[in-house]
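Residue numbers (the numbering used here): 8 to 419. First the structure, in the form of structure tokens, and then the observations on it.
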Ligand code: EZ4
Ligand code: CO
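This is how it looks when you write it as structure tokens:
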């Protein structure tokens, strides 16, 4: 089980994906996701120039040792580029170990703690009728929990609203891009926090009235509020019994969450831009959040995420792993295996990849009646079709950003 080939494969079927593919001397292939939305090639260079040469000749069975070697041995720790690169190696080694053992990865992590993973989808719309239609369309697809994002009167385009992405007139923009637009420069959107805070409770009131008290509803604030504004939002949404409010403040200011907690019992989810357990130390120990939002892809892989979730378990904090379309099907599979195995699973985000992406990444997971399951193929259960991947070369793409009315760049 010696690694004798390490390839970095970039493909852009519906959006950009970076995949590390390792092959052992006995012919076992393992793959890992290293996709960092809008900064993909930084991870490619990190892997190709600084990691792949270290992998050749190494023992593929020593997953924990490899993790520690890449993390401690580099001297420079943490950060999204480093942790995505380490995540890809870690996933690929778990994939190899599963294939060598003839078992799906979740079995190696202790076996299933549940029958399936409750997943939520993304409903959105500029106005209520469109939002209701979008919720119904997701229910018809089997979703039993739904994130709701809304347009705000007076604002032209808001991130995460599917129809507004389509309104740009760029035919290549589909919601699957979420909406990381292909192009040399990022798209500029507008923002007004007071208008948002006034509007959003009216939307959740209407959605509750239309769909009743049962349906779990989620909302993402995309880091846009100050602590006081976040406390106000969490309080104003309390009557509508959210499953969670996500990223209500910029996540790096951890003590800010104390103020939100003092004012509201709306559950909080944070962490899609965090990379290590150390980023979570304060908000977990002070129990300032309820759900861990990290992606396995951006948090050092299965090995590190398992440690993070075991730490969170001491504080009754559950998983809500990031599952946007910029996490590749390989990263999604890693999240599903881990989520199935840990006791403190909460919910899995599931945005659904496009058809071309599913042709490049052949998958064995199942989806039905609101639940995901990673399947029982040995390893992660995802195969990269290299010929198919080769049809779609990298294209520069960026997440949008926003400015206030006076031109100031705002958090998002
Ligand atoms: O902005 O995946 O909850 N989901 C999100 C996503 C993220 C993108 C970043 O790459 O906030 O839409
Ligand atoms: Co988010």
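Note that beta-carbon positions come from the ideal geometry of N, C-alpha and C, so glycine has one too. Everything numeric in this text was worked out from a predicted model, so none of it was measured.
Based on Cα-Cα distance, which residue from 166, 131, 8, 78 lies nearest to residue 409?
Indexing the chain shown from 1 puts residue 409 at position 402. That would be 166, whose Cα lies nearest to the Cα of residue 409.
Residue 187 and residue 404 - do their beta-carbons sit closer together than 8 Å?
Indexing the chain shown from 1 puts residue 404 at position 397. Indexing the chain shown from 1 puts residue 187 at position 180. For residue 404 and residue 187, yes; Cβs fall inside 8 Å.
For residue 64, which residues of its own chain have a beta-carbon under 8 Å away from its beta-carbon, when the five flanking residues on both sides are left out?
Position 57 of the chain shown, counted from the start, is the residue given in the question as residue 64. 9, 10, 11.
Could you give the DSSP three-state label for residue 226: helix, strand or coil?
Against the chain shown, residue 226 aligns to sequence position 219. Residue state, collapsed to three classes: strand.
Which same chain residues, not among the five before or five after residue 411, have their C-beta less than 8 Å away from its C-beta?
Working through the chain shown from its first residue, we reach residue 411 at position 404. Excluding residues within five positions, the ones whose Cβ falls inside 8 Å are 197, 198, 199, 417.
Within 8 Å, do at least three Cβ pairs link the stretch 14-21 to the stretch 379-399?
Result yes; three or more Cβ-Cβ pairs closer than 8 Å.
When you measure from the CB of residue 279 to every non-hydrogen atom of ligand 1, does any distance come out below 7 Å?
In the chain shown, residue 279 corresponds to position 272, counting from 1. Residue 279: yes, Cβ under 7 Å from ligand 1.
Nearer than 7 Å: is that true of the beta carbon of residue 227 relative to any heavy atom of ligand 2?
Your numbering for residue 227 matches position 220 in the chain shown. At least one heavy atom of ligand 2 is nearer than 7 Å to the Cβ of residue 227, so yes.
When we look at the beta-carbon of residue 205 and count the other beta-carbons within 10 Å, is it buried (16 or more) or exposed?
Indexing the chain shown from 1 puts residue 205 at position 198. Exposed.
Less than 8 Å between the C-beta atoms of residue 329 and residue 302, yes or no?
Within the chain shown, the letter at position 322 stands for residue 329. Within the chain shown, the letter at position 295 stands for residue 302. It is a contact, given that the beta carbons lie within the stated cut-off.
Straight-line CA distance for residue 342 to residue 309?
Position 335 of the chain shown, counted from the first residue, corresponds to residue 342. Position 302 of the chain shown, counted from the first residue, corresponds to residue 309. Looking at the two C-alpha atoms, the distance is approximately 8 Å.
Taking residue 409 as part of the beta strand (DSSP E), name the residues at either end of that continuous run.
Looking up residue 409 in the chain shown gives position 402. Unbroken beta strand (DSSP E) run through residue 409: 408-410.
Is residue 167 near ligand 1, judged by its Cβ being under 7 Å from some heavy atom?
For the purposes of this step, residue 167 is taken as the residue at position 160 of the chain shown. Residue 167 Cβ: within cutoff of ligand 1.
Please report how far the alpha carbon of residue 367 lies from the alpha carbon of residue 44, in whole angstroms.
The residue labelled residue 367 in the question sits at position 360 within the chain shown. The residue labelled residue 44 in the question sits at position 37 within the chain shown. Those two C-alpha atoms are separated by around 18 Å.
Taking the alpha-carbon positions, what's the residue 215 to residue 131 distance?
Taking the first residue of the chain shown as position 1, residue 215 is located at position 208. Taking the first residue of the chain shown as position 1, residue 131 is located at position 124. Roughly 15 Å separates the two Cα atoms.
Taking just the CA atoms, how far does residue 125 sit from residue 181?
As a working mapping, residue 181 is identified with position 174 in the chain shown. As a working mapping, residue 125 is identified with position 118 in the chain shown. For residue 181, the predicted model reports a pLDDT of 46, less than 50, meaning its position is unreliable and no value from the coordinates is stated.
Just to check my reading of the structure: residue 245 and residue 225 have Cβ atoms closer than 8 Å, yes? What is that Cβ distance to the nearest angstrom?
For the purposes of this step, residue 245 is taken as the residue at position 238 of the chain shown. For the purposes of this step, residue 225 is taken as the residue at position 218 of the chain shown. The Cβ separation is near 15 Å, so there is no contact.
Do the CB positions of residue 153 and residue 145 come within less than 8 Å of each other?
What you label residue 153 is simply residue 146 of the chain shown in a count that begins at 1. What you label residue 145 is simply residue 138 of the chain shown in a count that begins at 1. Yes, the Cβ-Cβ distance between residue 153 and residue 145 is below 8 Å.
Report the start-end ranges of each alpha helix (DSSP H) in the stretch 63-137 that is 4 residues or longer and not cut off at the edges.
Entirely contained in the stretch 63-137, the alpha helix (DSSP H) runs reaching 4 residues are, in chain order, 70-79, 87-108, 112-115.
Output yes or no for whether 8 Å exceeds the beta carbon distance between residue 42 and residue 334.
For the purposes of this step, residue 42 is taken as the residue at position 35 of the chain shown. For the purposes of this step, residue 334 is taken as the residue at position 327 of the chain shown. For residue 42 and residue 334, yes; Cβs fall inside 8 Å.
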